[in-house]
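Below is one structure, written out as C-alpha cells; comments come after it.
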Amino acid sequence: MCISGCADGWGCAEPDEDAVHLQRESTPQPTAEVVFSTIEGIEALSAGTNPDAENPVSADLIEWADIVFAMENTHREKLQKNFGPILRDKRIVVLSIPDEYDYVDEELIRILKGDMRAYLPQRSN
466 MCISGCADGW
476 GCAEPDEDAV
486 HLQRESTPQP
496 TAEVVFSTIE
506 GIEALSAGTN
516 PDAENPVSAD
526 LIEWADIVFA
536 MENTHREKLQ
546 KNFGPILRDK
556 RIVVLSIPDE
566 YDYVDEELIR
576 ILKGDMRAYL
586 PQRSN
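Residue numbering for the sequence shown follows my numbering, starting at 466 and increasing by one per position.
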C-alpha cells in the first residue's frame with residue numbers, strides 16, 4: 466500500500482513528502498489500505514509481492530514511495546531480490562504482522578494503527 470501526500474493541518478515540509486508503501490497482497494495489506502486511505506491528506510494504494518497478485522508491486526510504485534512497509538520479513542526479502550537497485554535509497558520497515566487476520570479485523574486495525582503511528586505525518590494544532 467502506498468500512502469502519500471500532505472494536506473493542510475499535517476506537519477509536512479513539502480506536499481507529497483510522506484509517501485508510504487506497504488507490501489503484500491493478503492488480508493493485512495488491503496486492511497491497511499482501507500484504514501489509512503481514510504486519513505485526510507493521505508492517498509493509499511495497494512500492491513503485492515507475488516507476480517500473480519491482483520496489483521503486483523512495480524518499480525514506479527517503489528520510486529514514488531518515500532518509505533516502503535512490508536508486513537513480514539519474507540516480503541522485504543522478495544522486494545530486495547526483485548527491486549534491489551531501486552530500493553537502495555528507500556527506507557524499508559517490516560511491521561512483523563502475520564497473515565492470520567480476517568479482512569478489517571478489529572485487532573488487526575488496532576495493531577496497524579499502533580505500528581504505523583510513528584510513520585504518519587503528525588497533525589499540527
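We treat Cβ as the ideally placed atom computed from N, Cα and C, and that holds for glycine.
Residue i versus residue j: straight-line alpha-carbon distance, rounded
{"i": "Tyr584", "j": "Leu510", "result": "16 Å"}
{"i": "Ile507", "j": "Phe501", "result": "7 Å"}
{"i": "Thr503", "j": "Arg541", "result": "26 Å"}
{"i": "Cys471", "j": "Asp531", "result": "Residue placement at Cys471 cannot be trusted, given a pLDDT of 38 that sits under 50; what the coordinates show is reported in the next sentence. Taking the straight line from one Cα to the other gives about 13 Å."}
{"i": "Glu537", "j": "Ile562", "result": "6 Å"}
{"i": "Asp570", "j": "Pro521", "result": "23 Å"}
{"i": "Tyr568", "j": "Leu577", "result": "13 Å"}
{"i": "Val499", "j": "Met581", "result": "14 Å"}
{"i": "Leu573", "j": "Trp529", "result": "26 Å"}
CB-CB length for residue i against residue j, believed under 8 Å
{"i": "Ile527", "j": "Lys555", "result": "7 Å"}
{"i": "Ala512", "j": "Phe548", "result": "No, Ala512 and Phe548 are not in contact; Cβ-Cβ is about 11 Å, not under 8 Å."}
Segment limits, beta strand (DSSP E) that includes residue i
{"i": "Ala610", "result": "Because the chain in this structure spans residues 466 to 590, residue 610 falls outside the shown range and cannot be described."}
CA nearest to the CA of residue i, picked from the options
{"i": "Thr539", "options": "Ala518, Thr514, Val533", "result": "Thr514"}
{"i": "Ala535", "options": "Leu573, Ala524, Glu505, Ile557", "result": "Ile557"}
{"i": "Thr552", "options": "Pro516, Ala518, Val533", "result": "The sequence given here places Leu at residue 552; Thr does not occur at that position. Of Pro516, Ala518, Val533, the residue nearest in Cα terms is Val533."}
{"i": "Leu560", "options": "Gly579, Pro550, Leu544", "result": "Gly579"}
{"i": "Leu544", "options": "Tyr566, Asp564, Pro516, Ile574", "result": "Pro516"}
Start-to-end residues for the alpha helix (DSSP H) that takes in residue i
{"i": "Gly557", "result": "It is worth fixing the name first, because residue 557 is Ile in this sequence and not Gly. Here Ile557 belongs to no alpha helix (DSSP H); instead the beta strand (DSSP E) covers 556-559."}
{"i": "Thr539", "result": "538-552"}
{"i": "Leu526", "result": "524-529"}
{"i": "Glu572", "result": "571-581"}
Opposing strand residues paired with residue i [DSSP bridges]
{"i": "Pro521", "result": "Gly513"}
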